[in-house]
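Written below as structure tokens is the structure these notes are about.
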Amino acid sequence: MATGSRPWGALLLLLLPLLLPAACRAGGGCAGEGGPLEPFDALYASGVEAYYGGDFAGAARCLERALRSRRELRAARLRCRRSCRGQVRLAAPGPGGDGDLPFFGSVLRRAGCLRRCEEPRLGAASRHRAAEEVVADFQRRVPYSYLQRAYIQLNKLEEAANAAHTFFMANPEHMEIQQDIENYKTTAGKVDLIDREARQHMEDYSAGVRHYDKEEYELAIDFLERALKGYYSEDEDCQLMCEGPQRFEEHEYLEYKAGLYEAIADHYMQVLACKHDCVRELATRSGRISPIENFLPLHYDYLQFAYYRVGDYVKALECAKSYLLFHPDDEDVLENAGYYEGLLEGTMDPDTVKPRKEAKTLLRRHKLESHLLQVAAAGLGYTYTEPNYWNRYGARQDEHSVPSSISSEPEDGPRLSLAKKPMPKPDRELKEGGPLLYSDVKFVYNSQQLNGTQRVLLDNVISEEQCRELHRVANGIMLAGDGYRGKTSPHTPNERFEGATVLKALKYGYEGRVPLKSARLFYDISEKARRIVESYFMLNSTLYFSYTHLVCRTALSGQQERRNDLSHPIHADNCLLDPEANECWKEPPAYTFRDYSALLYMNADFEGGEFIFTEMDAKTVTASIKPKCGRMISFSSGGENPHGVKAVTKGQRCAVALWFTLDPLYRELERIQADEVIAMLDQEHLGPSEMNINPKDEL
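If you use mature numbering (1 follows the signal peptide of the UniProt record, and there is no 0), the sequence shown corresponds to residues -26 to -1, 1 to 673, in order.
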């Protein structure tokens, strides 16, 4: 997030200056410490106030203390809840009319234990009840956005780089921060950046997978076992944190007028729902909505093959059986387990090798939680649907799987249970190679030649004269920052970005500010492009416009020396690219409804500006395309096609950018309005452009 626009949480806090501790109010800074823990929301408010007041040292100090206060608050609550759980066991109810007294007596004693434990360090519980908007800011790591700007002003580039990286890990769609990070790497020589909010069990898991991919199996085992240990520790913490205050909208049906047992059930169901969702919480990276699919079982899947490769067949069988707890009908792992049992016969009884205890315990608890939630939903009158927590789309990404005939040689032994990781199944069959419809359009490369999926490169989509005409229209209608809320350099400070929509072009043409025939050309060639894309990819339903944008990127003089940034950072068009996780999250704020994209180029008289496809790592280039008049690249909009634009270092690069959807609910509103304008013009006999958008000489 750019710090020029304040988040809702920060705005809320700035409206509540009376809540700030005296030491943190304007003029006081964050000097005072000691006594009960200061509320993190008040410290955050003070930091934001100092930032906008130009006190960057005070802002950094208060923001750092806010982050530390929030961590210490969580640690104190965990420590007390864990301690009191051990000191005061909940008693079982006994028989008779007073049989519930032992149970409620233990509840009261545990509550008293918690208060005695927490108050000396935290003070009154009400001090730490932050507004939902503030909590959301911390979840999205917004304080780090302020921190990096403050550290820049203090010339602390290393701290600024780490703060920017921490924010970016939860906000990978934030292009401004991404560009800041590239600048830090150049100016400060900072290559290894630190995520200050990294979750260690996920870091260990990612490291284990990297070593596994390199066939460094002993190191993979070390990191994956460490990841499992961290996962179960985090699971215990997550369970404890769910025992705090709860308020879910779907549980407000009692309106606080319930009797004893209804009120207890209401609150406990909220706690139970929170605990049940810890599986999803621990598998979800910061800033994401969707979890890593099949996350916990995947640990055992990687480990079963890694242990096999280092010759530890007992551990291999143990991990295979642990995986089967989650997916008992997985034929590949069943075969793997059978193979390991065969290797152990004669040396020990394979039946003595059991699944891991912690996996059995978690799964047993998870099933009981699910049962109680469904029973409560039926009895207390609210809706509950059990999510699929162990989705098997998530699988290891290698070729190791049990062959049909088993050999004792390691090279022919077990393979990865689920083979290569599949993408979520599309709702349509992917095809390509359909007719190009227009005789003058020239096929150049297909997906295979472009080293990817659902890609095509075409030439002669429009003529040289049409390119020149379109360029003249662009010069008359484009506005700096169009489509990016007026930001003239939304992707890089080294270029100026300008754009215009189809509707704007037609409006200017109708008003006589540009030639109407030229304005209509923009409309017509975009329709021609849509027809070609729909036909080439052999779509069995209509392809609609989602957004149409005439764009130009101009290199700014005096800012091109030693550039190492991109004109447009690597991204995907309908999901949030997460190179660290090797994932693309199809969730807001991504335009998840986009299905296909196309770029139709208008000129070649500039330097740089090549269009590039990359792997999911956003680094490995798989194809590079030099724009020229009439050239069009089109591709599916998902995570299978990460792409970007190299720096434009001289001149101006112009193109028609097109995004399409198969869902009519997401049709481009301006396009619908443009269709109405075209119909009106046709009725007034003002005529189309000289270009006929209907296919001619169909191939």
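By construction, the Cβ of each residue, glycine as well, lies at the ideal position given by its N, Cα and C atoms. The structure presented is a predicted model; accordingly, all values stated were derived computationally and were not measured.
| Query | Result |
| --- | --- |
| Along the chain, where does the alpha helix (DSSP H) that runs through Asp275 open and close? | Phe269 to Arg283 |
| Whole-angstrom Cβ separation of Ala597 and Asn425, contact assumed at under 8 Å? | 5 Å |
| Excluding five sequence neighbours on each side, which residues of the same chain lie with their C-beta closer than 7 Å to the C-beta of Gly613? | Ala546, Cys549, Leu551, Cys558 and Met590 |
| Does DSSP classify Ser515 as helix, strand or coil? | coil |
| To the nearest angstrom, report how far apart Ala40 and Gly27 are at their CA atoms. | 18 Å |
| Give the DSSP-derived three-state secondary structure of Arg56 in the structure shown. | helix |
| Tell me the DSSP bridge mates of Leu632? | Thr522 and Ala572 |
| Could you check where the alpha helix (DSSP H) with Tyr25 kicks off and where it finishes? | Phe14 to Tyr26 |
| Would Leu636 and Ser541 qualify as a contact pair, given that the criterion is a beta-carbon distance under 8 Å? | no |
| Check each candidate in Ser608, Leu318, Leu202 and Phe585 and name the one with the smallest Cα separation from Tyr509. | It is Ser, not Tyr, that sits at residue 509 in the sequence shown. Out of Ser608, Leu318, Leu202 and Phe585, Ser608 has the C-alpha closest to the C-alpha of Ser509. |
| In three-state terms, what does DSSP make of Cys558? | strand |
| Please say whether Leu524 and Ala448 have beta carbons closer to each other than 8 Å? | yes |
| Can you list, in chain order, the residues of its chain with a C-beta nearer than 7 Å to that of Phe417? Leave out the 5 residues immediately preceding and following it. | Leu410 and Leu432 |
| Under the rule that 16 or more other beta-carbon atoms within 10 Å means buried, what is Arg527, buried or exposed? | buried |
| So what does DSSP say about Leu75, is it helix, strand or coil? | helix |
| How many angstroms separate the CA atom of Ala294 from the CA atom of Lys249? | 27 Å |
| Taking Leu167 as the reference, give the member of Ile506, Phe142 and Arg184 with the closest Cα. | Phe142 |
| To the nearest angstrom, how far is the alpha carbon of Ala578 from that of Arg494? | 23 Å |
| Spatial neighbours of His445 within its chain, please: CB distance less than 8 Å, with the 5 preceding and 5 following residues excluded, ordered by chain position. | Met576, Asn577 and Cys628 |
| Enumerate in chain order the residues of its own chain whose CB-to-CB distance from Ile126 is below 8 Å, with the five nearest sequence positions on each side excluded. | Ala134 |
| Here's a check: name, in chain order, each residue in its chain whose Cβ is nearer than 6 Å to the Cβ of Leu655, leaving out the five neighbours to either side. | none |
| Is Ala237 buried or exposed, if buried means 16 or more other CB atoms sit within 10 Å of its CB? | exposed |
| Rounded to whole angstroms, what's the CA-CA distance from Gln534 to Gly625? Just pull it up for me. | 11 Å |
| Rounded C-beta distance between Val253 and Glu217? I'm assuming under 8 Å. | That belief does not hold up - the Cβ atoms of Val253 and Glu217 are roughly 17 Å apart, past 8 Å. |
| Could you pull the start and end residues of the alpha helix (DSSP H) that Ile499 belongs to? | Leu490 to Tyr510 |
| Have a look at the DSSP bridge pairing and note the partners of Phe609. | Arg429 and Ser571 |
| Among Ile544, Trp633 and Asp569, which one has its Cα closest to the Cα of Ala621? | Ile544 |
| Along the chain, where does the beta strand (DSSP E) containing Gly618 start, and where does it finish? | His617 to Lys620 |
| Residues in the same chain with beta-carbon distance under 7 Å from Val476, minus the five sequence neighbours each way, listed in chain order, please. | Phe496, Tyr497, Ser500, Thr522, Glu644, Arg645 and Ala648 |
| Should Leu639 go down as buried or exposed, given a rule of 16 or more other Cβ atoms within 10 Å for buried? | exposed |
| Suppose you measure from the CA of Leu291 to the CA of Tyr358; what does that come to, to the nearest Å? | 36 Å |
| Alpha carbons only, please: which of Arg63, Gln122, Pro13 and Gly86 is nearest the one belonging to Arg101? | Pro13 |
| Taking the straight line between their C-alpha atoms, what separation do you get for Leu47 and Leu11? | 8 Å |
| Considering only residues of the same chain and omitting the five flanking positions on each side of Gln213, which have a CB-CB separation below 7 Å? | Lys249 and Cys252 |
| Please identify the residue among Pro467, Gln428 and Pro563 whose C-alpha is closest to the C-alpha of Ala529. | Pro467 |
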